[in-house]
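Below is one structure, written out as structure tokens; the observations come after it.
2 protein chains.
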Amino acid sequence: MTGGRPRSAGGRRPGETLTRDAILEAAMESFTAQGYSATTVRGVARAAGVDPALVIHFFGTKDGLFDAAVRIRDIPLRGLSEAVEGDPGLLGERLVRRYLSIWEDPEAAPLLYAILKAAATSEAAAELLRHFMTEEILVPIAKRLGIDHAETRATLAGSQLIGLALMRYILKVDAIAGVPAETIVRAVGPTVQRYLTGDLTLT
Amino acid sequence: MTGGRPRSAGGRRPGETLTRDAILEAAMESFTAQGYSATTVRGVARAAGVDPALVIHFFGTKDGLFDAAVRIRDIPLRGLSEAVEGDPGLLGERLVRRYLSIWEDPEAAPLLYAILKAAATSEAAAELLRHFMTEEILVPIAKRLGIDHAETRATLAGSQLIGLALMRYILKVDAIAGVPAETIVRAVGPTVQRYLTGDLTLT
Numbered sequence: 002m003t004g005g006r007p008r009s010a011g012g013r014r015p016g017e018t019l020t021r022d023a024i025l026e027a028a029m030e031s032f033t034a035q036g037y038s039a040t041t042v043r044g045v046a047r048a049a050g051v052d053p054a055l056v057i058h059f060f061g062t063k064d065g066l067f068d069a070a071v072r073i074r075d076i077p078l079r080g081l082s083e084a085v086e087g088d089p090g091l092l093g094e095r096l097v098r099r100y101l102s103i104w105e106d107p108e109a110a111p112l113l114y115a116i117l118k119a120a121a122t123s124e125a126a127a128e129l130l131r132h133f134m135t136e137e138i139l140v141p142i143a144k145r146l147g148i149d150h151a152e153t154r155a156t157l158a159g160s161q162l163i164g165l166a167l168m169r170y171i172l173k174v175d176a177i178a179g180v181p182a183e184t185i186v187r188a189v190g191p192t193v194q195r196y197l198t199g200d201l202t203l204t
Numbered sequence: 002m003t004g005g006r007p008r009s010a011g012g013r014r015p016g017e018t019l020t021r022d023a024i025l026e027a028a029m030e031s032f033t034a035q036g037y038s039a040t041t042v043r044g045v046a047r048a049a050g051v052d053p054a055l056v057i058h059f060f061g062t063k064d065g066l067f068d069a070a071v072r073i074r075d076i077p078l079r080g081l082s083e084a085v086e087g088d089p090g091l092l093g094e095r096l097v098r099r100y101l102s103i104w105e106d107p108e109a110a111p112l113l114y115a116i117l118k119a120a121a122t123s124e125a126a127a128e129l130l131r132h133f134m135t136e137e138i139l140v141p142i143a144k145r146l147g148i149d150h151a152e153t154r155a156t157l158a159g160s161q162l163i164g165l166a167l168m169r170y171i172l173k174v175d176a177i178a179g180v181p182a183e184t185i186v187r188a189v190g191p192t193v194q195r196y197l198t199g200d201l202t203l204t
């Protein structure tokens, strides 16, 4: 069964790739349905019909498994980048509007919930969240605007967006959760706009 | 040992109060050192030298234990309320400055870390965090300013403050964590100021 068989791009045998995919699918199912803390390598192995040792062999730890499982999904936050198109003076509002619509999309929300909740207990999840919000989305936007201190500006914007999701979707504070999305867009859009393009003294 | 012995204000016998206090001390020690997820009723009982059944009898669940343990501490965020004194135009900056100094106080920080991290996995911790940031601190400030929609304004300010702590102290994103506190105060102060006192269309 070895020898001249074709290998996938990563140098893996086709059967190995199928097994990995089955494990990652079972892992994502568990992370989104039960959360990070309640997910175990043993439970994922059982759901995927493999030995727990194989999960460890492929992914090392639960953190490694989380990281790999999240990365194969198309993280819905990527859609945020499209907000850069349009009137530059309304970039903040467009970003917040799109961000809320992603959190309110039943397809996308479970993965975001899983990542945000896991970030509190897992270094890997925290790093993943940080990486996505800043390096992959907000820093490129800030750089494209050609403004100084792109990283700090992007991280300030990210801090507001993550805090907003926490209050509205995780803690479900009525004063914010019970308000129409467009009201939030008008309140929070200018904050994001100022962080990304405003006159900040960041030295 | 029962009979005519004096009882504490809550109607408890002195010995019972001592046992409760020992359990709460052991619980807080575990919640701050090991975090919410890793803390168990059994472990707290062992550290306090009592039977786990007694912990359940007093506090019901781990959530109940967390809630009681945090409430006996003087939550350091109360100090935020003092920021209301002074130039009203600089309220936002004073709030952010004081908030950062609390997070950077080695006495106060472990409890705040424990609460913020626990909020992601525990409904009780999330409710506690929400309650403190909004009802106990920010809503009274907003109401004292006599402005409309005090709850929504306070929660918007809270969303920025919690997101900021997450980025700077939990995720430790270098672009924000590596910047002097006063730089953050100047960047984020106007956001909090606008949420609390600015012209927002909240209807």
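Heads up: the sequence lines are chains A and B, in that order. Residues 2 to 204 (our numbering) make up the first sequence, in order. Residues 2 to 204 (our numbering) make up the second sequence, in order. Using N, Cα and C, we set each Cβ at its ideal position, and we do this for glycine too.
Within the model, the alpha-carbon separation for Glu136 of chain A versus Ala155 of chain A is close to 8 Å. The beta carbon of Arg131 of chain B sits closer than 8 Å to some beta carbon of chain A. Residues of the same chain with a CB within less than 7 Å of the CB of Ala126 of chain B, apart from the 5 flanking positions on each side, are Tyr37, Phe67, Ile116, Ala119, Ala120 in chain order.
Taking the Cβ atoms as the reference, Gly199 of chain B lies roughly 18 Å from Met168 of chain A, outside the contact range of under 8 Å. In the DSSP assignment, Ala84 of chain B falls outside any alpha helix (DSSP H), carrying neither H nor E. Residues of chain B whose Cβ lies closer than 7 Å to the Cβ of Lys144 of chain A do not exist; the shortest such Cβ separation is about 13 Å. Within chain A, no residue has its CB atom less than 9 Å from the CB of Gln35 of chain B, the nearest being about 11 Å off. When only Cα atoms are considered, Val71 of chain A and Trp104 of chain B end up about 31 Å apart.
Contact between Thr184 of chain B and Thr204 of chain A holds, since their C-beta atoms are separated by about 7 Å, short of 8 Å. When the beta-carbon positions are compared, Gly164 of chain B and Ile163 of chain A come within less than 8 Å of each other.
The DSSP-derived three-state label of Thr122 of chain A is coil. For His58 of chain B, the uninterrupted alpha helix (DSSP H) run begins and ends at 53-60, by DSSP.
Looking only at A:Leu55, A:Ala110, A:Leu96, A:Asp88, the smallest Cα-Cα distance to Pro77 of chain A is reached by A:Ala110.
With a cutoff of 8 Å on beta-carbon distance, Thr153 of chain A and Ile142 of chain B are scored as not near each other.
The shortest CA-to-CA distance from Val174 of chain A to any of B:Lys173, B:His132, B:Ala151 is the one to B:His132. Under the DSSP assignment, Val189 of chain B falls in the alpha helix (DSSP H) whose first and last residues are 182-198.
Interface annotation, Thr156 of chain B: in contact with chain A, CB-CB separation under 8 Å. Within its own chain, the residues whose Cβ lies closer than 6 Å to the Cβ of Ala182 of chain A, once the five positions on either side in sequence are excluded, are Leu101, listed in chain order. Listed along chain A are Thr153, Leu201, Thr202, Leu203, Thr204, each with a C-beta nearer than 9 Å to that of Thr184 of chain B. Inter-residue distance for Val97 of chain B and Ala69 of chain B is about 28 Å (C-alpha atoms, whole angstroms).
In this chain, the alpha helix (DSSP H) harbouring Gly164 of chain B covers 151-166.
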